[in-house]
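With my numbering, letter number 99 in the sequence shown gets 135, and the count goes up by one each step, no holes. See structure below.
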Amino acid sequence: MRDSRESTPADGWVVLVAALLARALPLWLSVEHYGDAPVRIEAAERWLAAPHLWHGFLEAFQYGPLHLTLLAGAVAVAGRFAGPKLLSLAFGLAGVWLLHKLARRVAGPRAARFAALALALSPMHIQASTTGASEAIFLALLLAAIELFLAARETLSRKALLGSALLLGLASLVRYDGLLYVGLLSAVLLADAPAAKVRAAATAFLYGALACVLPALWLLQCRRFGGDALAPLHHINQDHLGLAAGAIHYLGELRYRLYCLFYWPAAVLAVCTPLTGALAMVGAARTLALLRLRRLTGAEVVALLAWLPAAYFTFRGAVLVDFRPLSRFALVAGALSLPFAWDAMQFLGARLHPAARKGLVALTALSLIGAPVALAAASYGRQTSLAEWARPLSPISTLPPGIAEAARWVRANTRPGELVLLDHTWHFLDIGLAFESGLPESQLARRAWPDFEEKLREQRPSLAVLIIDGELRLTSGAEGASYGAPRFTFRGLQFCAAAHYTYASVYRRCSF
Numbered sequence: 037m038r039d040s041r042e043s044t045p046a047d048g049w050v051v052l053v054a055a056l057l058a059r060a061l062p063l064w065l066s067v068e069h070y071g072d073a074p075v076r077i078e079a080a081e082r083w084l085a086a087p088h089l090w091h092g093f094l095e096a097f098q099y100g101p102l103h104l105t106l107l108a109g110a111v112a113v114a115g116r117f118a119g120p121k122l123l124s125l126a127f128g129l130a131g132v133w134l135l136h137k138l139a140r141r142v143a144g145p146r147a148a149r150f151a152a153l154a155l156a157l158s159p160m161h162i163q164a165s166t167t168g169a170s171e172a173i174f175l176a177l178l179l180a181a182i183e184l185f186l187a188a189r190e191t192l193s194r195k196a197l198l199g200s201a202l203l204l205g206l207a208s209l210v211r212y213d214g215l216l217y218v219g220l221l222s223a224v225l226l227a228d229a230p231a232a233k234v235r236a237a238a239t240a241f242l243y244g245a246l247a248c249v250l251p252a253l254w255l256l257q258c259r260r261f262g263g264d265a266l267a268p269l270h271h272i273n274q275d276h277l278g279l280a281a282g283a284i285h286y287l288g289e290l291r292y293r294l295y296c297l298f299y300w301p302a303a304v305l306a307v308c309t310p311l312t313g314a315l316a317m318v319g320a321a322r323t324l325a326l327l328r329l330r331r332l333t334g335a336e337v338v339a340l341l342a343w344l345p346a347a348y349f350t351f352r353g354a355v356l357v358d359f360r361p362l363s364r365f366a367l368v369a370g371a372l373s374l375p376f377a378w379d380a381m382q383f384l385g386a387r388l389h390p391a392a393r394k395g396l397v398a399l400t401a402l403s404l405i406g407a408p409v410a411l412a413a414a415s416y417g418r419q420t421s422l423a424e425w426a427r428p429l430s431p432i433s434t435l436p437p438g439i440a441e442a443a444r445w446v447r448a449n450t451r452p453g454e455l456v457l458l459d460h461t462w463h464f465l466d467i468g469l470a471f472e473s474g475l476p477e478s479q480l481a482r483r484a485w486p487d488f489e490e491k492l493r494e495q496r497p498s499l500a501v502l503i504i505d506g507e508l509r510l511t512s513g514a515e516g517a518s519y520g521a522p523r524f525t526f527r528g529l530q531f532c533a534a535a536h537y538t539y540a541s542v543y544r545r546c547s548f
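Here it is in structure tokens:
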């Protein structure tokens, strides 16, 4: 239920300060690894060298062109290491403020303070706000679009509706899943006026068309240069099909279906911290349980936007088994559920003994603070199985220490003009290693990159990095090129070990 207590002008500033303080240390310590951040930044750097209208999928790959363009601007202003972080921080703080505003509209000031504070302390949102990944930027644009959409429904403002559509189009150029919300919000408009179907249909059509203008122009650009307008979406689908196949091979089909069935609720518990996530889902479920065949309230719209996409991806994973969910995907569902957490706490608190009610509040506060701290402590600088589980969820984005140490060795020991032969692995540790080494692309011959053979024809490598489970050993001309080997031969060149780290070994051409 929406509470009626007035908010104060200081409310938004308090949660913003809390968000900034929670991100200060991660901003300093985080490295680019998750959310394809290093590859996005490198693509932006290549574009920045000669700015032009993006040539579709051929240059932007599966990444949103707006995000890559924003990254290029950030790199130009503050460099490849600081710029992307500061860009995400700005949008991350904007997202906290926008959630406060949205939650105040649909659930009241107390719910707004609680929701914004929970997002401020969300370990996943902290990570997304302090690296070059796209999630914090996408979430801020989506929240702004939803806020304007609800304002337009209340005030019948065409300007607000136009702003919402344009923001939703921009969000879809950061992450393609924004297109899902175009359809959902258009459907809300269609259902708003059952007695005037023609007018409602026209409004819904115009809203959806305006939101799709920019994404449609981008997809036409993909067709112009690559021959396939839907190339980014096809690539994403194929990628997830491969990820799902790998998971089925490991878990078995039945266990994988069960995994996907329960993944989104479990991920929201991690994204929003356990107790707050549970309260948010209970509150959203209570809101959805009140749905009737009438004009939807703002709260019901937000709850549907939170969980209809999650239901769609759950169906694809658990039934069609062609999609593998990742924890960062649950950030939107978690954030849009947070406005309902206060209602759930009120609902449960009214049914508890006063002492138990105080205990619930204390445990929720402890969970909000303790969960991100525990995840950071479990993963930062550690190389255990627990660390590898916690690392993708941690507020501090890190590489496994051995990979980070190998990157530092390469950065310190590679002379100008030398070429480094870089292994590739299915878990993409080579990407983070290459980025953290700070070497220009011209000094890296990456096993996974299409210009690998061309680089080797132009120059002979002087150093090499082998990674556990690497594929270089499967390359023609590689003999004994396995992680941990004291030496190996690559196309007539002998490499001797210079240092061994967990997950990576570094080599220099033998002097004899």
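Built from N, CA and C at the ideal position, the CB exists for glycine as well. All of these numbers come straight from a predicted model, not from anything done at the bench.
Using DSSP with H/G/I as helix, E/B as strand and the rest coil, what is residue i?
i: Gly460; result: Residue identity check: residue 460 is His in the sequence provided, not Gly. Three-state DSSP puts His460 in coil, outside helix and strand.
i: Thr511; result: coil
i: Ile77; result: helix
i: Val542; result: strand
i: Leu56; result: helix
i: Ser40; result: Here the model assigns Ser40 a pLDDT of 46, short of 50, so the residue's position is not dependable, and the following value carries that caveat. Here Ser40 sits in coil by DSSP.
i: Thr191; result: helix
i: Ser170; result: coil
i: Phe563; result: No statement about residue 563 is possible, as the shown extent of the chain runs from 37 to 548 and does not include it.
i: Leu422; result: helix
i: Tyr217; result: helix
i: Ser518; result: coil
i: Ser430; result: coil
i: His136; result: helix
i: Val12; result: Any question about residue 12 goes unanswered here, given that the chain covers just 37 to 548.
i: Tyr212; result: coil
i: Gln98; result: coil
i: Trp90; result: coil
i: Leu117; result: One detail in the question is off: residue 117 reads as Phe in this sequence, not Leu. In the structure shown, Phe117 sits in a helix (DSSP, three-state: H, G or I).
i: Phe359; result: coil
i: Leu122; result: helix
i: Leu179; result: helix
i: Trp445; result: helix
Please determine, among the options, the residue with the shortest C-alpha to C-alpha distance to residue i.
i: Leu305; options: Ser498, Phe531, Ala366; result: Ala366
i: Trp380; options: His389, Leu396, Ala391; result: Trp is not the amino acid found at residue 380; the sequence shown has Ala there. When only C-alpha atoms are compared, the closest one is Leu396.
i: Leu499; options: Tyr539, Glu171, Ala443; result: Ala443
i: Pro268; options: Ala147, Leu294, Asp213; result: Asp213
i: Glu81; options: Leu402, Lys394, Pro476; result: Pro476
i: Leu287; options: Leu266, Leu422, Ala227, Arg360; result: Arg360
i: Leu178; options: Leu341, Pro120, Glu490, Arg509; result: Leu341
i: Tyr295; options: Leu253, Ala240, Val355; result: Val355
i: Thr538; options: Ala386, Pro436, Ser363; result: Pro436
i: Val53; options: Leu155, Leu84, Ala79; result: Leu155
i: Ala265; options: Gln98, Arg527, Asp47, Ser403; result: Gln98
i: Leu399; options: Ala320, Leu311, Leu384; result: Leu311
i: Ser256; options: Arg235, Leu89, Ala151; result: Before going on, a small fix: residue 256 reads as Leu here, not Ser. Considering only alpha carbons, the answer is Leu89.
i: Gly520; options: Leu315, Ala316, Arg509, Gly406; result: Arg509
i: Leu216; options: Ala236, Cys248, Leu226, Glu190; result: Cys248
i: Ser222; options: Phe241, His91, Asp505, Leu209; result: Phe241
i: Ala540; options: Phe531, Phe526, Ser518, Thr525; result: Ser518
State the start and end residues of the unbroken alpha helix (DSSP H) segment that holds residue i.
i: Ser165; result: 159 to 165
i: Ala335; result: 334 to 351
i: Gln274; result: 267 to 287
i: Thr400; result: 390 to 415
i: Pro145; result: 145 to 156
i: Ser66; result: Premise fails: Ser66 is in no alpha helix (DSSP H) and is neither H nor E.
i: Ser473; result: 465 to 473
i: Arg364; result: Segment: none, Arg364 is in no alpha helix (DSSP H) and carries neither H nor E.
i: Gly385; result: 377 to 385
i: Thr488; result: The sequence shown places Phe at residue 488, rather than the Thr named in the question. Here the alpha helix (DSSP H) through Phe488 covers 488 to 494.
Per DSSP, which one or two residues make a beta bridge with residue i?
i: His536; result: Ser541
i: Thr450; result: Partner(s): none; Thr450 has no beta bridge.
i: Ala500; result: Leu457, Tyr543
i: Gln479; result: According to DSSP, which records beta bridges pairwise, Gln479 is partnered with nothing at all.
i: Leu529; result: Phe526
Along the chain, where does the beta strand (DSSP E) that runs through residue i open and close?
i: Phe526; result: 523 to 526
Is there a Cβ from chain B that is less than 7 angstroms from the Cβ of residue i?
i: Pro476; result: The structure shown has no chain B; it contains just one protein chain.
Mind pulling the alpha helix (DSSP H) runs of 4 or more residues that sit fully within the region 307 to 333? Segments of the alpha helix (DSSP H) lying fully in the region 307 to 333: 310 to 325.
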